[in-house]
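Peer 1: The structure's right below; bear with me while I get my questions together.
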Amino acid sequence: MTEVDKSTSSVIAGDFTPYLEAIRNDRISFTRCSTCQTWIWPPTNYCPRCKENSVTWVTLPEGTGGTVFSFIIVRHTTIPEFKDLLPYVLGIVSVDGTDIRLIGRVLCVTDDVAIGDGLAPSFEGERDDPVINWNLARQRTR
Amino acid sequence: MSSLLSSSSAIVGVGRTACSRNSGTTEADLALRAISAAIVDAGIEATDIDGFVPYVLGAPSEDVLEGLGIVDVRMAATTVMGGAGPVAGLKLAAMALAAGVVRYVVVYVARNGASQSRVESRAIVVPGKTMRAQLERPAGMSLPVQWFSLMARRHMEEYGTTREHFGEVAIAARAFANLNPDAQMYEKTMTMEDYLNSRPIADPYHLLDCCLESDGAAAVILTTAKNAEDHHRPVYVAGVGEGHAESSASFVSRKNFFDIGLKRAAPIAFEMAGLTPDDMDLAYIYDCFTFEVIHQLESAGFCGEGEGGAFVEGGRIGPGGALPVNTGGGLLSDGHLAHMNGIVEAAVQLTGRAGRRQVDGARNVFLSGFGDMGDGTAAVLVAG
Chain A
0 MTEVDKSTSS VIAGDFTPYL EAIRNDRISF TRCSTCQTWI WPPTNYCPRC KENSVTWVTL
60 PEGTGGTVFS FIIVRHTTIP EFKDLLPYVL GIVSVDGTDI RLIGRVLCVT DDVAIGDGLA
120 PSFEGERDDP VINWNLARQR TR
Chain F
0 MSSLLSSSSA IVGVGRTACS RNSGTTEADL ALRAISAAIV DAGIEATDID GFVPYVLGAP
60 SEDVLEGLGI VDVRMAATTV MGGAGPVAGL KLAAMALAAG VVRYVVVYVA RNGASQSRVE
120 SRAIVVPGKT MRAQLERPAG MSLPVQWFSL MARRHMEEYG TTREHFGEVA IAARAFANLN
180 PDAQMYEKTM TMEDYLNSRP IADPYHLLDC CLESDGAAAV ILTTAKNAED HHRPVYVAGV
240 GEGHAESSAS FVSRKNFFDI GLKRAAPIAF EMAGLTPDDM DLAYIYDCFT FEVIHQLESA
300 GFCGEGEGGA FVEGGRIGPG GALPVNTGGG LLSDGHLAHM NGIVEAAVQL TGRAGRRQVD
360 GARNVFLSGF GDMGDGTAAV LVAG
């Protein structure tokens, strides 16, 4: 039986700590196969394409933005600290330069957002649970 | 490809309780009522049952064995696939029966899903718990209606699907529920205007896009095709299939955003049965939300991707339509028993016992299951 060699990879399956730490530094960090460059999300140490433990954390360039892939207007929430924010916009954000999409709050008036709109990250790294919110950066031609 | 499983087992008894907001009793009691009704329907003794397939939530087999007087249990097993579980239970039962492990199997769901365990508590039993807790909840997402509405919105954008299409699904389910005395919404009618004006929850989804939270129980008893000859109304399990999506933990990053396990599960079930979507008289689709009916009709091959909105237009899936869907009212209007009530309803239709909502001449039905953000199951049932 082949032992999985964890020494070659710093990525631990299902451990988002480096992603959360990156947010504290106003950056986005994802995992990618260092051999075939395939983006892997959620993090795991094994590349399903290369069949190797070749996955590493990669920090995206400063200024990396995203695009609205889908969105909803939340008018009912069960999370106490979000009740005062209603209604708010939640989006699926395609992160530029990757194949990875994130769930994120879009900080805008609910009528303003559309699929295809460009977004810029707003890092909330001071919180106990660091999170990336998104601001509208460029609106798709309506 | 022929299969050892094809029509090697049959449903020979069904039972259920009504769905309600508050059963006023325990989950074990609900389970005993549904299973006992199925035992009577099958014309067997409780002690004939030696296989138990309970749902992942609700009353487990340990809670009902004593009440049924059963000690000789040779298989008690649960598939952990959320809402894909009950249809997966048919497959598990068929496998265990074909292998000679058991003689009679009961597959059941018994839950106080409205009065006790609400939807929030279910959000923590889905895959990718860390991602849900560390990435999504801090962003403000915590409810299935939010995940599913994000999918619906994308379909609207890509394919021009409209809220009126979703309304067709909601209204069809309600019209059937109005013919089903066991349905939670038996007495409440719904018009398109009611649908469009219902309270927004996670726009584009409004209240009437969402399935119900329900108390209730439903059960089916299966045995081998050989044993089934002794029963007067067998419903054969002609085909069963299971499939999984590209990624469940990060469903939003799937390359094909609309890819779900059903896309792989349905062809397996159809091929095993030697039938196609065109051969189906009825369909029972896992309708946790309205768009999911459109999504799954596409994924199962009843129409192409993007064509589901047009497919449901004009009352096509309602009473008297070309392909009646969820004739008992579905999760949307009968109640959320994880589609176990849909399996019961399918068998009731195939044995001609559906009363005012009976679809004449129904011979072949398709069932889908969908759970844990991408797990898919499919079954084809054929009247004996």
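Chains as they are written, first to last, in numbering that gives the first Met the number 0: chain A, 0 to 141; chain F, 0 to 383. Built from N, CA and C at the ideal position, the CB exists for glycine as well.
1. Just reading off the alpha helix (DSSP H) that residue 146 (chain F) is part of, what are its end residues?
2. Using 8 Å as the threshold, is the C-beta distance between residue 221 (chain F) and residue 8 (chain F) below it?
3. Would residue 90 (chain A) and residue 105 (chain A) be called neighbours here (beta carbons separated by less than 8 Å)?
4. Once DSSP output is grouped into helix, strand and coil, what is the label at residue 164 (chain F)?
5. If I follow the unbroken beta strand (DSSP E) through residue 374 (chain F), where does it start and stop?
6. Along the stretch 6-23 of chain A, what residues have a CB closer than 7 Å to any CB found in chain F?
7. Below 6 Å CB to CB, which residues in the same chain sit around residue 60 (chain F) once its five sequence neighbours on both sides are set aside?
8. Taking 8 Å as the threshold (beta carbon to beta carbon), is residue 135 (chain F) in contact with chain A?
9. Is residue 200 (chain F) close to chain A? Criterion is C-beta to C-beta, closer than 8 Å.
10. Over what stretch of residues does the alpha helix (DSSP H) that includes residue 63 (chain A) continue unbroken?
11. Tell me which residues share the same chain as residue 17 (chain F) and place their Cβ nearer than 6 Å to its Cβ, disregarding the 5 neighbours each side in the sequence.
12. How would you label residue 9 (chain A), buried or exposed, when you count the other beta carbons within 10 angstroms and need 16 or more for buried?
13. Going along the chain, which residues of the stretch 33-48 of chain A sit with their C-beta nearer than 7 Å to a C-beta in chain F?
14. Go ahead and label residue 379 (chain F) buried or exposed: buried means 16 or more other beta carbons lie within 10 angstroms of its beta carbon, across all protein chains shown.
15. Whole alpha helix (DSSP H) runs in the stretch 28-107 of chain A with 4 or more residues, listed along the chain?
16. Going along chain F, which residues have a C-beta under 9 Å from residue 122 (chain A)?
17. Quick test of the definition: if touching needs 3 or more C-beta pairs under 8 Å, does the stretch 167-186 of chain F touch the stretch 208-215 of chain F?
18. Using a beta-carbon distance below 8 Å, is residue 367 (chain F) in contact with chain A?
19. Below 7 Å between beta carbons is the criterion; list the residues of the stretch 143-169 of chain F that meet it against any residue of chain A, in chain order.
20. Note down the Cα distance separating residue 4 (chain A) from residue 35 (chain A), rounded to an integer number of angstroms.
21. With a cut-off of 8 Å, does the C-beta of residue 252 (chain F) fall near any C-beta of chain A?
Peer 2: This is what the structure gives:
1. Counting from one through the second sequence, the residue named residue 146 (chain F) turns up at place 147. Element bounds for residue 146 (chain F): 143-158.
2. As a position in the second sequence, residue 221 (chain F) is number 222, starting the count at 1. As a position in the second sequence, residue 8 (chain F) is number 9, starting the count at 1. Contact: yes.
3. Within the first sequence, residue 90 (chain A) is the residue found at index 91, counting from 1. Within the first sequence, residue 105 (chain A) is the residue found at index 106, counting from 1. Yes; because the gap between Cβ atoms is below 8 Å, this pair is in contact.
4. Start at 1 with the first residue of the second sequence, and residue 164 (chain F) comes out as number 165. Residue state, collapsed to three classes: helix.
5. Working through the second sequence from its first residue, we reach residue 374 (chain F) at position 375. Where residue 374 (chain F) is concerned, the enclosing beta strand (DSSP E) stretches over 374-382.
6. 13, 15, 19
7. Working through the second sequence from its first residue, we reach residue 60 (chain F) at position 61. Around residue 60 (chain F): 51, 53, 75.
8. Working through the second sequence from its first residue, we reach residue 135 (chain F) at position 136. By this cut-off, residue 135 (chain F) is an interface position.
9. Locating residue 200 (chain F) in the second sequence gives position 201, where the first residue counts as 1. So yes, residue 200 (chain F) belongs to the interface.
10. As a position in the first sequence, residue 63 (chain A) is number 64, starting the count at 1. No alpha helix (DSSP H) holds residue 63 (chain A); DSSP gives it neither H nor E.
11. Residue 17 (chain F) sits at position 18 when you count from the first residue of the second sequence. Cβ within range, chain order: 181.
12. Locating residue 9 (chain A) in the first sequence gives position 10, where the first residue counts as 1. Exposed, by the Cβ-count rule.
13. 40, 41
14. Within the second sequence, numbered from 1, the residue matching residue 379 (chain F) stands at position 380. The residue in question, residue 379 (chain F), is buried, as its Cβ has 16 or more Cβ neighbours within 10 Å.
15. none
16. Here residue 122 (chain A) corresponds to residue number 123 of the first sequence, with the count starting at 1. Near residue 122 (chain A) there are no residues of chain F at all, since even the closest Cβ is about 12 Å away, more than 9 Å.
17. yes
18. Here residue 367 (chain F) corresponds to residue number 368 of the second sequence, with the count starting at 1. No, no contact with chain A.
19. 145, 148, 149, 152, 153, 156
20. As a first step, residue 4 (chain A) is located in the first sequence; it is residue number 5 there, counting from the start. As a first step, residue 35 (chain A) is located in the first sequence; it is residue number 36 there, counting from the start. Residue placement at residue 4 (chain A) cannot be trusted, given a pLDDT of 49 that sits under 50; what the coordinates show is reported in the next sentence. Distance between the alpha carbons of residue 4 (chain A) and residue 35 (chain A): 19 Å.
21. As a first step, residue 252 (chain F) must be located in the second sequence, where it is residue number 253. Taking Cβ atoms only, chain A reaches closer than 8 Å to residue 252 (chain F), which makes this a yes.
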